[in-house]
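Peer 1: Quick note, the sequences are listed as chains A and B, same order.
Sequential numbering from -15 applies to the first sequence in this note's numbering.
Sequential numbering from -15 applies to the second sequence in this note's numbering.
Glycine included, every Cβ here is placed at the ideal spot set by N, Cα and C.
There are 2 protein chains.
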Amino acid sequence: MLNSYSAADKVLLAVDCIIFGFDNEGLKILLIKRDFEPEKGKWSLIGGFLKRDEVLDNAATRILNTYTGFQDIYMEQLYAYSEIDRDPVERTISVSYYALINIENHNEELIKNYHAQWFSIADAPKLIFDHDEMLEHAIRRLRYRTSIKPIGFELLPEKFTMRQLLELYEAILSKELDKRNFISKINSLEILIKLDEKDMQSSRKGSYLYTFNKEKYEEKLLNDFVLNL
Amino acid sequence: MLNSYSAADKVLLAVDCIIFGFDNEGLKILLIKRDFEPEKGKWSLIGGFLKRDEVLDNAATRILNTYTGFQDIYMEQLYAYSEIDRDPVERTISVSYYALINIENHNEELIKNYHAQWFSIADAPKLIFDHDEMLEHAIRRLRYRTSIKPIGFELLPEKFTMRQLLELYEAILSKELDKRNFISKINSLEILIKLDEKDMQSSRKGSYLYTFNKEKYEEKLLNDFVLNL
DNA sequence: AAAATTAAGTGTAAAAAATACATTAATAAA
DNA sequence: TTTATTAATGTATTTTTTACACTTAATTTT
């Protein structure tokens, strides 16, 4: 019967995480070298299995936390991958999530323990299974989402310069942006607070630091913005 | 161990379909009155379970075909829903798909057999489980996707008038559009063929019929268009 | 102490895109 | 032949986007 509930076709559900980070070298992803079969020794997204009494979102944050020690990280579900032989060991459907990490604060210890490593998007190694497809999909989603939601800030430190923000968007969109036009577009959103503080690392003059004004953003609009960069 | 493959946590995977149709009354969805427990007699999306050796996309098309007789339908995966008690009978994760149907050709027989019925989006009944959330999610996705991909045509007959296309976009976006601006924006995409034929149903003068020029669209660009309506 | 260096910060004019808007055309029915 | 109905069409205005270069502030070098 069409709609019968039956144990016959239960499957394993995995969660794989595309973990994005950003530093002065550009946009990065965190990968692990698998220390178990199959594909032991190959590079892989960070993943795990959904537990019986766990929601997918929780599985994603749990897995992220296990490998990186991070909590309260922005994550978004992407897509369910279900090719029959995508995992050669057993039929496994994987639901991908992407995460945005402020790379400055990552937990070195945990990452080392799991042989995890940050790679520039551009020169990431070939990944196992369908993980390359997941990565590509995640980048597309990230591009779209950052153009309508203020999630880019998740990749930056609490306080950041306009240059950092510009370079972040350049990395995400992988194209050059005009500095003046970028700044005026960002300013027109009116969601940043310009601090009195300056960052003195990058120049002699020093550049003003900004923070994301989450309260203002939230009270401002329920709708998305449109950021045509 | 973190990454062990284990049968312990296998789950049922369902697929639920948000089936959109369009006619002169507007945008519609196809719902069924459940004839089995739980929630027997309530309105529901059309759904079913993933089979062991089946890919999600295939499950979605199979389920759609079973209820409507349709084949070769545009479908897109939306999202995986995994709340613990979303289905009260058993832990079930559901992956939603939306489908775009040319409502003129639907298979009346099959739809009647399954107590299926088209509802205007505006006055759809309360749905079971988390199906209302799925529907809302699907409308959002449909809005976005039709603004960058030529999938609106899937909801129209092979030959259609500009007025039909206009009203389709108005229904999807649920806002009024200026006729002249709409037509010039559509024309600027250069993906329609204006036929010599006219549709005489709607007026004395008759209005030209168009078809989507799929070949031209495909040779034209690998990228998406941007349709700011 | 002056000169050179470096990145920060800032505004405007031109081009392109989006919008608002009203009349004529074709035909069938009365 | 008059009336009624929807189809078809273009332009001027406003808004948005783009392209573009010099001055400022502070440090380092000479």
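1. Considering only DSSP beta bridges, list what B/Q61 is partnered with.
2. With 8 Å as the threshold, decide whether the Cβ of B/Q55 is near any Cβ in chain A.
3. Unbroken alpha helix (DSSP H) runs of length 4 or more, entirely within the segment 79 to 135 of chain A: which are they?
4. Suppose contacts are defined by Cβ-Cβ distances below 8 Å. Is A/I175 in contact with A/T195 by that definition?
5. Could you check what DSSP says for B/R70 in three-state terms: helix, strand or coil?
6. CA-CA distance, B/Y63 and A/N8?
7. Please report how far the alpha carbon of A/R46 lies from the alpha carbon of B/L193, in whole angstroms.
8. Using a beta-carbon distance below 8 Å, is A/I68 in contact with chain B?
9. Compare the Cα-Cα distances from B/Q185 to each of B/Q148, B/I77, B/D69 and B/V73 and report the closest residue.
10. Which of helix, strand or coil does DSSP assign to A/K(-6)?
11. For A/Y82, return the contacting residues in chain B, with the cut-off set at a CB-CB distance below 8 Å.
12. In or out: B/L(-14) buried (at least 16 other Cβ within 10 Å) or exposed?
13. When the Cα of B/H230 is compared with those of B/G31, B/P134, B/D(-7) and B/K189, which residue comes out closest?
14. According to the neighbour-count rule (16 or more other Cβ atoms, all chains shown, within 10 Å of its Cβ), is A/Y294 buried or exposed?
15. So what's A/D183 in DSSP terms, helix, strand or just coil?
16. Residues in its own chain within less than 8 Å of A/I87 by CB, not counting five upstream and five downstream?
17. In terms of residue numbering, what span does the alpha helix (DSSP H) encompassing A/L40 cover?
18. Listing by chain order, which chain A residues have their CB less than 7 Å from the CB of B/K(-6)?
19. Among the residues of its own chain, which have a CB less than 7 Å from the CB of B/E23, if the five just before and after it don't count?
20. Name the chain B residues whose beta carbon is nearer than 8 Å to that of A/A64?
21. Does the distance from the C-beta atom of B/L40 to that of B/C1 stay below 8 Å?
22. Between which two residues does the alpha helix (DSSP H) carrying B/S158 extend?
23. For the candidate residues A/P109, A/Y201, A/Y65 and A/L213, whose alpha-carbon lies nearest to that of A/I156?
24. Nearest by alpha-carbon distance to B/P109: which of B/D(-7), B/K(-6) and B/L15 is it?
25. Mind checking B/V210: buried by the 16 CB within 10 Å criterion, or exposed?
26. With a threshold of 6 Å on Cβ separation, who are the neighbours of B/L(-3) within its own chain once the five nearest residues in sequence on each side are excluded?
27. So if DSSP puts A/I2 in a beta bridge, which residue, or which two residues, is it bridged to?
28. Alpha carbons only, please: which of A/A83, A/D162, A/M146 and A/P134 is nearest the one belonging to A/E199?
29. Tell me whether B/K216 sits in a helix, a strand or coil according to DSSP, three-state version.
30. For B/K163, which of helix, strand or coil comes out of DSSP?
31. With 16 other CB atoms within 10 Å as the buried threshold, where does B/A106 fall?
32. For the segment 16 to 45 of chain A, list every residue whose C-beta sits within 7 Å of some C-beta in chain B, in sequence order.
33. Please check if any C-beta of chain A sits within less than 8 Å of the C-beta of B/R124.
34. Residues of the segment 125 to 147 of chain A in Cβ contact with chain B at a cutoff of 9 Å, in chain order, please.
35. Do B/Y82 and B/A122 come within 8 Å of each other at the CB atom, strictly closer than that value?
Peer 2: So, from the data block:
1. B/Y81
2. no
3. 92 to 97 and 115 to 132
4. no
5. coil
6. 34 Å
7. 55 Å
8. yes
9. B/Q148
10. coil
11. Within chain B, no residue comes near A/Y82; the closest Cβ sits about 14 Å away, beyond 8 Å.
12. With a pLDDT of only 48 at B/L(-14), under 50, the local geometry of the prediction cannot be trusted, and no value is derived from it.
13. A question about residue 230 of chain B goes unanswered here, because the residues of chain B that appear run from -15 up to 213.
14. As displayed, chain A neither begins before -15 nor continues past 213, which places residue 294 of chain A out of reach and without an answer.
15. strand
16. G5, F6, D7, K12, W102 and L139
17. L40 to T52
18. K(-6), V(-5) and L(-4)
19. I112
20. L40, Q61, A64 and V79
21. no
22. That residue, B/S158, is in no alpha helix (DSSP H); it is neither H nor E in DSSP.
23. A/L213
24. B/L15
25. exposed
26. L34 and I77
27. A/Y82
28. A/P134
29. In the structure as shown, chain B begins at -15 and stops at 213. Residue 216 of chain B is therefore absent and cannot be evaluated.
30. helix
31. exposed
32. F20, G32, F33, L34, K35, R36, D37, V39 and L40
33. no
34. Y128
35. yes
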